[in-house]
Amino acid sequence: MILSIADEHTRNGRRAWLTLGLVAVSLVCFLAPRALRAIGSGAAQVELEQACDYWLEHPYLEPDARVLEAAALAAGSHAPERFLAARRSGAASAPRDAAALAQEQSGLAFLTRLALRGSDERPGPSHAFRRFGLDASAPRGHAILTHVFLHSGWIHLGLALLLVAMAGPVLESRLGPALLAALFVSSGLASALAHLLACSGSSAPLIGASGIASGLCGAFLARFGSGPAVLHGYAIYGMRPRAVSFDVGGWILAPVVGVAQLALVLLSLDAEVFAGSSWAANLGGLACGGVFALALRHWRLEDRFASRARESIARGNLDPRIKRSITARERGRNDEAIEFAAEVLRERPDDVSALQADWDARVAANRAAEGARSARRLVELHARHGELASAARIWDELVRAGQRGPVGATTLLRIVPELVVQARRDAAIAALRAASSAETPALTVGQALRVAELAAELDPPTALRAAKRALADDELVEERRARLEQLVLSLENTGARAAAVPQSPPPAPPAPPAPPDEPFELEPTQLGVGPQADLEPAAPIEDSATVVFVAPAAIASSSARIKITPALPVALDVLGLRVRFEGGAPSLVEWTSIQAVGVGLVAGLGPKPVVVIDLALNWADAPEGAIEVMRLRSDAFRARELVSGSANAPEALRALLAELLARSGAVPLPDPASAHGLPFRDYDSPGAYEEAVLLAES
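Written out as structure tokens, the structure is:
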């Protein structure tokens, strides 16, 4: 099993060679001694006392010094040489047959080797665990490094390498080989030092890569423990292995570490060796890994060193002209680097590598103003592809260079949370100010609301300005207006002062009013949302179990222009709407990706009319007229589970619609009143609804 994170840096196409190298060396060190230990094949475990007894029966043989010392001590003598002379003086003479004497001497040597070697559970003086393991009572310098490559058995080896394989690849992908090697060494040294301090009186050797594995897990948990992750593995289906993956939280590694540690302790209860069972060593490695990752993040060493490693990895697949541009910039020939990048941009204006090369070269040449257009385009492209970390990094560079310039409000609002996560507070504030500035007159009500929510703590004056801008819109629903007025009052009480709100262009003349509908006085059961007692609320999901929305297969609709994906709403999140698909993983649909919201009371979908809520994800830029819609049906969920304070199902649905429209800033379909359920417009069939609301072809 291998963990990966929802981050673009984990998909660089490079194998984790350093992690694989540690696994390979550990396997070789484990298998090689066992392959060469032919002398012990088929032999029972031999204690040192057995070798002593054999020599006492044949005292004329030449014993090993350790056998002689053990025999003398057993007899109460502290002078091995005198004990040897005494035993030989009264013993039988050696056989005259040289072959027989040689055979007896070989037998003693055989028993001596087995006794001195011992077993993995009870290693003798000549065992590799004693020679290369870390003995806290008599530490040797080389053992501080060599002990990590020794393992007492398949279970010990497997558990240690499992943790390395789970956390190592993603860390190597994010940090680069150099920083990961430093993490390996520091974790191994920290675990060894912790063991020496905690077990100074123990002669049992410490062996295994558990300290390094704990360090990797500590770094992973400190860096990615609060975010989403994907667990990759294999399962057997139809007698064939198939790759499978599960959406999990980064914290999933913590219980795995705990179970592995407990298993190693239980397996080593009777052993005379610390085979991953030293709590001090493992805690030392875990703490070292966590501190290492946090230090890299705090001092931005990760960006400084790991970005170079990622650039060198990605350079292998670049256009040759981009390679020459990067090389020229590194050698100080910035004009040449700019020309190479510009040549590629003339052919492919949205080439990310060329835009990056152009921006880097112009910054190096102190011509950041000329490269700001490339950088702003980079921000938009990275955000469009979900690479928010890269988009945030480029925006931060723009802010530092004083070249903010016009960037779409939707893009800026998407990267603000990532800027906060990356501790780029100044850049986040700059993004919020740019999104709500007078240069963006097309800012929607939903976007203004989003700015107000995000800026409430980061930049109260900007939050106040955005809130007042949203309040100036006449179509703002009363519930949201009340909350915004409360926010404005709170900000004004704290002393925040907003800049003048830019004047919006005069509104277009209102469209002719639609024919009045019948008053909406239906009971919840007539609305298609009951009986409520028969419905089960959706199971809540944790933040760490949520992934960015990836639509499953669409269902059939009345028009080829519409691709409908049924979904079940689970919760309203700060970043978007959490939904669950049938037979699929939970997903997060970001507010900024919802472009239109269509609503109608539709007959023909069940025994009673059903309120249909369609979230159009590409209303403004549908390719070839194909509209992607995520459909919510009122008979599949309880609106009162999502919004509180509603007395009945219709009021809860109206409150939910108000939240969806306000947070997303989407276009209300077929009109603002109907989209808010004031009242719901009736349609006698799904086809009629899709034709009237989604403009589907009949």
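Okay, so the sequence shown: first residue is 378 according to this note's numbering, each after it adds one.
Each residue gets a CB set at the ideal place from its N, CA and C atoms; glycine is no exception.
What you are looking at is a predicted structure, and each value in this text was computed from that prediction instead of being measured.
- For L583, the enclosing beta strand (DSSP E) starts and ends at P582 to I584.
- The bridge partners DSSP lists for I971 come to none.
- By the criterion of a C-beta distance shorter than 8 Å, F460 is surrounded in its chain by L445, A448, A449, A452 and S454, once the five residues flanking it on both sides are discounted.
- For V989, the uninterrupted beta strand (DSSP E) segment begins and ends at V987 to A993.
- About 7 Å separates the CB atoms of V854 and A1039; that is less than 8 Å, so the two are in contact.
- Boundaries cannot be given for E852, as no alpha helix (DSSP H) includes it and DSSP labels it neither H nor E.
- Here the alpha carbons of A513 and L660 stand approximately 17 Å from one another.
- Put simply, the segment 556-570 does not touch the segment 535-543. Fewer than three CB pairs are less than 8 Å apart.
- According to the DSSP assignment, P946 belongs to the beta strand (DSSP E) that extends over L945 to L949.
- The DSSP-derived three-state label of M616 is coil.
- In this structure, DSSP gives S702 a helical state, which the three-state scheme calls helix.
- The C-alpha of I941 lies about 17 Å from the C-alpha of G981.
- Collapsing the DSSP output to three states places G626 in a strand.
- Short of 7 Å from the beta carbon of A731, and not among the five residues preceding or following it, lie these beta carbons of its own chain, in chain order: I699, A718, V721, L722 and R725.
- Secondary structure at A1013: coil, using DSSP grouped into helix, strand and coil.
- With a 10 Å radius around the Cβ and a threshold of 16 neighbouring Cβ atoms, A714 comes out buried.
- Counting along the chain, the unbroken alpha helix (DSSP H) around V1070 starts and ends at P1063 to V1070.
- Rounded to the nearest angstrom, the Cβ distance from A843 to A829 is 4 Å, consistent with a contact under 8 Å.
- V1020: not part of any alpha helix (DSSP H); DSSP gives it neither H nor E.
- Below 8 Å, enough C-beta pairs join the segment 656-676 and the segment 546-563 to call them touching: three or more.
- Listed as beta-bridge partners of D836 by DSSP are no residues whatsoever.
- Under the three-state reduction of DSSP, F601 is assigned to helix.
- The C-beta separation of F597 from V541 comes to about 11 Å, leaving the pair out of contact by the 8 Å criterion.
- Scanning its chain for C-beta atoms nearer than 8 Å, with the 5 sequence neighbours on each side dropped, one finds around A738 the residues S702, A705, R706, N711, A714, I715, A718 and G748, in chain order.
- Taking all protein chains shown into account, M616 has fewer than 16 neighbouring C-beta atoms within 10 Å of its C-beta and is therefore exposed.
- Within 10 angstroms of the beta-carbon of Y1060 lie 16 or more other beta-carbons, which makes it buried.
- In this structure, the CA atom of R464 is about 40 Å from the CA atom of L646.
- DSSP places G662 inside the alpha helix (DSSP H), whose first and last residues are W656 to H675.
- Distance from V979 to P1063 at the Cβ level is roughly 6 Å; contact confirmed, criterion being Cβ atoms closer than 8 Å.
- Of the candidates V402, P632 and A993, V402 places its Cα closest to the Cα of H528.
- For F651, the three-state secondary structure derived from DSSP is strand.
- In this structure, the beta-carbon distance from Q799 to A766 falls below 9 Å.
- Secondary structure note for V402: its alpha helix (DSSP H) is the uninterrupted segment W394 to L413.
- Excluding sequence positions up to five before and after L678, its CB lies within less than 8 Å of the CB of L556 and A672, all in the same chain and listed in chain order.
- Put simply, the segment 629-640 does not touch the segment 494-510. Fewer than three CB pairs are less than 8 Å apart.
- About 4 Å separates the beta carbon of G592 from that of G662, a gap short enough to meet the 8 Å contact definition.
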